[in-house]
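J.: Numbering (our numbering), first residue to last: 7 to 237. If you scroll down you'll find the structure; I have some questions about it.
Take a look at the structure:
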């Protein structure tokens, strides 16, 4: 997970990103299909199944998208209001360089723990098969997508094509509209830390900096906020 987002993927009450131009989704899929390098990945560009999403998180060796590496990937499918944890994806990725002591303190994955991990390109292929065309959900997802796209672009010729839904943006909008009018301004002070968000939404917290745990917490928050937006 990474640094703060600015105006990223605020969905409607049904959890889907609104279509500002009729037919834009189909036009975008055709444009991406034209640029796709490998026909095996055509299913990524199909219309997404209704009321399905994938919550995603990556653990990395640091926060520099140009030089740091992915060490684990966690993803869970969401169908309606259910999180299918029995169908989760949990992958360890073998980095090219040794993991620093600072990184180990955060995600508790040592170089020896990752020695039998997958090469990144194999992990990416498994992840893409798991996601399909489902929209992605995450907490500070922009960082995870940027890290993944370093490996996805050489493989596909495009970045991850799925729509992305940012849980912290959903929470910000929810809290912003609870503020009195005189506090509703661009610099509104809203705590977007995951622990704060989970406590405020009365959701169970899991150990952070574990990719599957973080994906599950993002999924829980997404489902709760989706209902709060529509109520």
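Backbone N, C-alpha and C define an ideal beta-carbon position, used for all residues, glycine too. The structure displayed is predicted, hence computed values, not measured ones.
May I ask you to report which of helix, strand or coil DSSP gives residue 89?
T.: The count along the chain shown starts at 1 and reaches residue 89 at position 83. The answer is strand: DSSP assigns residue 89 an E or B state.
J.: Name the DSSP bridge partner or partners of residue 79?
T.: As a working note, residue 79 is residue 73 in the chain shown. Answer by DSSP bridge pairing, in chain order: 64, 97.
J.: In the DSSP assignment, the alpha helix (DSSP H) including residue 158 goes from what residue to what residue?
T.: In the chain shown, residue 158 corresponds to position 152, counting from 1. 147-162 is the span of the alpha helix (DSSP H), which, as asked, contains residue 158.
J.: Using CA coordinates, which residue listed in 224, 232, 228, 215 is at the minimum distance from residue 66?
T.: Here the question's residue 66 lines up with position 60 in the chain shown. Per the Cα distances, 215.
J.: Take residue 6 as the anchor and find which of 94, 36, 55 has the nearest alpha-carbon.
T.: This structure cannot speak to residue 6, because the chain is shown only from 7 to 237.
J.: Tell me, to the nearest whole angstrom, how far the beta carbon of residue 230 is from that of residue 198; I am working on the premise that it is less than 8 Å.
T.: The sequence position of residue 230 within the chain shown is 224, counting from 1. The sequence position of residue 198 within the chain shown is 192, counting from 1. The pair is not a contact, with the Cβ atoms about 15 Å apart (cut-off 8 Å).
J.: Go ahead and pull the three-state DSSP assignment for residue 130.
T.: By one-based count along the chain shown, residue 130 stands at place 124. Looking at residue 130 - three-state DSSP - the assignment turns out to be helix.
J.: What number of angstroms, rounded off, separates the C-alpha of residue 110 from the C-alpha of residue 98?
T.: The residue given as residue 110 occupies position 104 in the chain shown. The residue given as residue 98 occupies position 92 in the chain shown. Answer to the nearest angstrom: the Cα atoms are 14 Å apart.
J.: Using only the alpha-carbon positions, how far apart do residue 222 and residue 154 sit?
T.: For this step, residue 222 is matched to residue 216 along the chain shown. For this step, residue 154 is matched to residue 148 along the chain shown. Their backbone Cα atoms lie some 19 Å apart in a straight line.
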